[in-house]
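This report concerns only the one structure given below.
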Amino acid sequence: MTTPLLPSKLPSTGVSIFTEMTRLANEHGAINLSQGFPDFDCAPELVEAVARHMRAGHNQYAPMQGVLALREALAMKIERLYGRRYDPATEITVTSGATEGIFSTITAFVRPGDEVILFQPCYDSYAPAVQLNGGTPVFVTLRFPEYRVDWDEVRRALTPRTRLLLINSPHNPTGTALSADDMRELAKVVDGRDVLVVGDEVYEHILFDGRRHESLARYPELSDRSVVISSFGKTYHTTGWKVGYCAAPRPLSAEIQRVHQFVTFAVNAAIQHAYAEVVIRDPRAADLAAFYQAKRDLFLRLIDGSRFRPLPCEGTYFQLLDYSAITAERDADFALRLIREHGVASIPISPFLSGVEPGPVLRFCFAKRDETLERAAERLRRV
């Protein structure tokens, strides 16, 4: 008996670039500045809190919506930071990472024939989630080297079929951040239209040089039609724990939960209880921005004198480097050669784009120990 081979739902989608570059880094013994995870541990107190809650018996299914203590802590945090009050009983959903939150949200609202506006370069899970639900991604390009939104281009991209618009700020992979003026323009763009806005805000606490995070939750004219999605992994150096959340008005949250209950149903109970404690204790993650700004500044000092030119990094823990003074190679080819010949792994930008050429840039993750950055920079200076 042969196994039936059905047509692929994602025929043009291969293995994630993050998986591939990490595999190559391991294969060639390269320093891995590609995939966005720290090479240092989270706070021991957080690990102990998880263990304590496991010992206390929080080892079975959590409520589908999430542990109430965590939802209450998140409601407090969002109101304190951004001014919007979400009802923890009905308007916050804990998800298996922000990626599941994005997938469940898109699945809840996108139907065959709908269009979804995505700002590219964009995180590589967005478009497949749209396509799996029969929707069409409509790309608005943030152009090299500034990577700023052209709101007139957004207006031209809107059609009667536009169902949803997805923003990501601070932005992966470019490190840019939307301003208050951008948010006001966004509000004007969607005013009078039946368009939902989804905000991927996982880097909300990693902004530099005194910048303020412009959450959708700050703007009533946007938050009433928006889903705010964030996570804990980037904030607490726990990317492998995969816990995120969606905050949205009750009618939107109800639809997201209809999907979420059949995707993962529930998320690790003990971890949720531990996160509730740290959110209550430090809702602003007060030291995080300074911690990563020091990492960014160290990395930039270390590569000073190389032939790489850094682009402005306003947030996230990623730095784009312009390599045009080194080679005219395509980004993917140069990234591969950088691993094989120089022992440093990065991420090319082209997998984040559709139908346009990337600029001569690679993305480097500086969420690493200082000694890791020093060793990587020494190699980059020799390129």
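Reading the sequence shown from the start, the letters are residues 0 to 382 in numbering that gives the first Met the number 0. Note that CB positions come from ideal geometry on N, CA and C, so glycine has one too.
Given this structure, state the Cα-to-Cα distance separating T263 from R378, to the nearest angstrom. 42 Å
Rounded to the nearest angstrom, what separates A285 and V109 at their Cα positions? 36 Å
CB P248 to CB D223, shorter than 8 Å? yes
Give the single residue among E254, F39, N25 and C312 whose Cα lies nearest to the Cα of L195. E254
Applying the 10 Å Cβ sphere with the 16-neighbour rule, what's the burial state of L5? exposed
Could you tell me the alpha carbon to alpha carbon distance between V137 and I91, rounded to whole angstroms? 28 Å
Use the C-beta contact count for Q119: other C-beta atoms within 10 angstroms, 16 or more gives buried, fewer gives exposed. buried
Rounded to the nearest angstrom, what separates F39 and L299 at their Cα positions? 20 Å
For Q318, three-class secondary structure by DSSP: strand
In the structure shown, what three-state DSSP assignment does V188 receive? helix
So, D330 versus P357, is the Cβ gap smaller than 8 Å? yes
Let me confirm a value: N171 is counted as buried when at least 16 other C-beta atoms fall within 10 Å, else exposed. Which label applies? buried
What does R308 pair with, by DSSP beta-bridge criteria? D321
Selection from R339, R336 and S349 that minimises the alpha carbon distance to L319: S349
Considering only residues of the same chain and omitting the five flanking positions on each side of E340, which have a CB-CB separation below 6 Å? none
Of the residues R211, A156, R160 and I205, the one placed nearest M182, counting alpha carbons only: R211
Rounded to whole angstroms, what's the CA-CA distance from G304 to P10? Just pull it up for me. 43 Å
Buried or exposed (CB count within 10 angstroms, at least 16 for buried), Q130: buried
For L9, name the three-state secondary structure that DSSP assigns. coil
Less than 8 Å between the beta carbons of V93 and G65, yes or no? yes
Need the endpoints of the beta strand (DSSP E) that T161 sits in, please. T161 to N167
For a test of the three-state rule: what should DSSP assign to V46, helix, strand or coil? helix
Helix, strand or coil for R362, going by three-state DSSP, please let me know. strand
Classify G134 as buried or exposed, calling it buried when 16 or more other Cβ atoms lie within 10 Å of its own Cβ. buried
Let me check understanding here. Comparing Cα to Cα, which of S124, T161, H272 and A288 lies closest to Y202? A288
Q119 - containing beta strand (DSSP E), residue span: E114 to Q119
Determine the contact status of K294 and A366, defining contact as a CB-CB distance below 8 Å. yes
If distances are taken between C-alpha atoms only, which option among R160, I302 and G28 comes closest to F363? I302
If S168 sits next to V197, beta carbons under 8 Å apart, how far is it from one beta carbon to the other, in whole angstroms? With 8 Å as the limit, S168 and V197 do not qualify as a contact, their Cβ atoms being about 12 Å apart.
Whose CA, out of T12, T2, T1 and H27, lies closest to the CA of A334? H27
With DSSP as the reference, please indicate the residues paired to D199 in a beta bridge. N167 and I228
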